[in-house]
Amino acid sequence: SLTLGIVGLPNVGKSTLFNALTRNDVLAANYPFATIEPNVGVVELPDARLTRLAEIFGSERILPATVSFVDIAGIVKGASEGEGMGNQFLANIREADAICQVVRVFSDDDVVHVDGRVDPLSDIEVIETELILADMQTLDKAIPRLEKEAKKNKDQAEVLKAAQGAQAILNEGKTLFAAKDTFDLSSVRELHLLTAKPFLYVFNSDEGVLTDDARKQELRDAVAPADCVFLDAKVESELLELDEEDAQELLDSIGQDEPGLRQLARAGFNTLGLQTYLTAGPKESRAWTIRQGDTAPKAAGVIHTDFEKGFIKAEIVSFADLDENGSMTAAKAAGKVRMEGKEYVMHDGDVVEFRFNV
Ligand code: GDP
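Numbering (full-length UniProt numbering), first residue to last: 2 to 359.
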């Protein structure tokens with residue numbers, strides 16, 4: 002499954018956040034035979050729609066989608082110079098599908114900042130710079146090779162052009178992801194460039210920041226088009242110790258509607274380019290993970306490869322229509338249940354039953 006790699010400078014709260022993520026790990030509870038890796042935290046994607054589906058269908062259990070975070074340890078500054086731990090750091094990032102940087106915004110005189118001051122945008126730049134330098138090295142090696150191949154092969158000529166375009170962006174000190182609206186990221190996919198991965202920022206904040214909408218907007222604007230989440234990693238770990246009532250009280254006291262980990266799960270899921278569709282029956286109501294833009298047969302394949310091969314059609318009702326009508330029978334009577342074929346592109350929250358040949 003796709004993963005977000007958690008990175009950040011020392012002392013910004015990575016371990017605190019990651020520990021909260023792993024203590025919230027759902028693998029152990031829902032998938033007893035899953036292998037649990039120490040550096041991976043798998044969290045539920047909160048989805049209130051499943052509760053409603055379980056009510057409509059009388060489901061015995063609910064299975065939400067999950068999001069996986071990988072803790073990427075290693076030295077950040079100087080990583081692109083290829084020193085031991087730095088190399089490992091870049092190699093681990095290469096394996097992740099998106100980059101989730103924890104950034105310190107909280108002030109606390111007891112926690113030393115590596116650069117001696119709390120400056121979130123400069124911290125972001127430190128990591129960006131290493132990734133940009135690593136990508137420039139990759140391109141410096143790839144471009145001469147592509148130049149040779151381009152003479153014989155038209156496809157490679159296209160890749161060469163894209164690689165040169167990427168180089169121009171990096172030379173301006175920008176990540177490729179930041180240029181995604183004007184640069185086609187898929188054109189350099191085969192080069193596995195680090196800054197072409199989607200970025201997500203976790204601003205590890207204190208109460209002062211969490212309740213300061215202007216400051217939050219400023220940071221949000223600074224990292225766009227990347228998404229970001231504001232949370233207090235220390236509070237998140239405390240929340241896990243509390244019962245629901247006390248947890249709500251603590252959240253209220255820092256002006257938050259819901260735990261930051263839930264926001265992080267949602268933002269992580271979106272950043273990975275994923276979406277869900279839903280199935281429901283007496284046994285279970287379940288969310289299935291697909292890529293945004295997937296067609297119905299692809300979606301069926303997530304349940305079982307045979308479903309994709311033998312796909313005939315999908316019976317689909319949107320969650321909103323089903324919710325409003327209160328039952329499948331009523332939704333059908335209201336003309337809200339559709340039969341969709343092979344070309345249908347799935348929508349988030351489609352409630353589906355597949356028809357297939359075996
Ligand atoms: P890492 O080096 O990035 O993994 O950072 P840690 O998670 O080890 O945190 C470094 C120090 O900062 C620890 O003493 C944490 O207790 C503290 N810390 C982490 N998150 C917060 C936070 O949100 N607020 C405050 N005040 N301290 C924090």
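Every residue, glycine too, gets a C-beta built ideally from N, C-alpha and C.
In this structure, Thr212 has its beta carbon at no less than 7 Å from each heavy atom of the ligand GDP. At the C-beta level, Lys343 and Ala297 come within 8 Å of one another. In this structure, the CA atom of Glu131 is about 28 Å from the CA atom of Lys149. In the displayed model, Ile255 falls within coil according to three-state DSSP, outside both helix and strand.
In the three-state DSSP reduction, Asp98 falls in the coil class, being neither helix nor strand. If only uninterrupted beta strand (DSSP E) runs of at least 3 residues are considered, none is enclosed by the region 121-204. Judged by the Cβ position, Val112 qualifies as a neighbour of the ligand GDP at the 7 Å threshold, a heavy atom of the ligand being closer than this.
Here Ala288 carries a strand assignment [DSSP, helix/strand/coil]. With 6 Å as the limit between CB and the heavy atoms of the ligand GDP, the residues that fall short of it are Gly9, Pro11, Asn12, Val13, Gly14, Lys15, Ser16, Thr17, Phe107, Asp109, Val112, Asn205, Asp207, Asp233, Ala234, Lys235. Bounds of the beta strand (DSSP E) holding Ala281 are 275-281. Within 10 angstroms of the beta-carbon of Asp109 lie fewer than 16 other beta-carbons, which makes it exposed. Inter-residue distance for Asn88 and Ser81 is about 7 Å (C-alpha atoms, whole angstroms).
Classified as exposed, Arg146 has fewer than 16 neighbouring CB atoms from the shown chains inside 10 Å of its CB. Here DSSP, grouped into helix, strand and coil, assigns Gly9 to coil.
Ranked by how close their Cα comes to the Cα of Phe357, the residues Gly302, Asp111, Ala321, Ser286 have Gly302 in first place. By the neighbour-count definition (other C-beta atoms within 10 Å, threshold 16), Leu122 is an exposed residue. A straight-line Cα-Cα distance of about 31 Å links Glu259 and Asn93.
One Cα belongs to Arg62, the other to Ala49, and the distance between them is close to 13 Å. Note: Val224 is not bridge-paired with any residue in the DSSP secondary-structure output. Counting along the chain, Leu64 sits inside the beta strand (DSSP E) bounded by residues 62-64.
In this model, Lys198 and Met347 are separated by some 24 Å (Cα to Cα). One alpha carbon belongs to Asp182, the other to Pro226, and they sit about 9 Å apart. If you draw a straight line from the Cα of Ala135 to the Cα of Lys314, it is about 46 Å long. Counting only the Cα atoms, Val224 lies some 11 Å from Phe178.
Taking Gly59 as reference, the option from Glu309, Ala266, Asp253, Ser328 with the minimal CA-CA separation is Ser328. Where Gly336 is concerned, there is no enclosing alpha helix (DSSP H), because DSSP gives it neither an H nor an E. Rounded to the nearest angstrom, the Cβ distance from Gly174 to Ile133 is 7 Å, consistent with a contact under 8 Å. Excluding sequence positions up to five before and after Ala97, its CB lies within less than 8 Å of the CB of Thr4, Leu5, Gly6, Val71, Ile73, Lys198, all in the same chain and listed in chain order.
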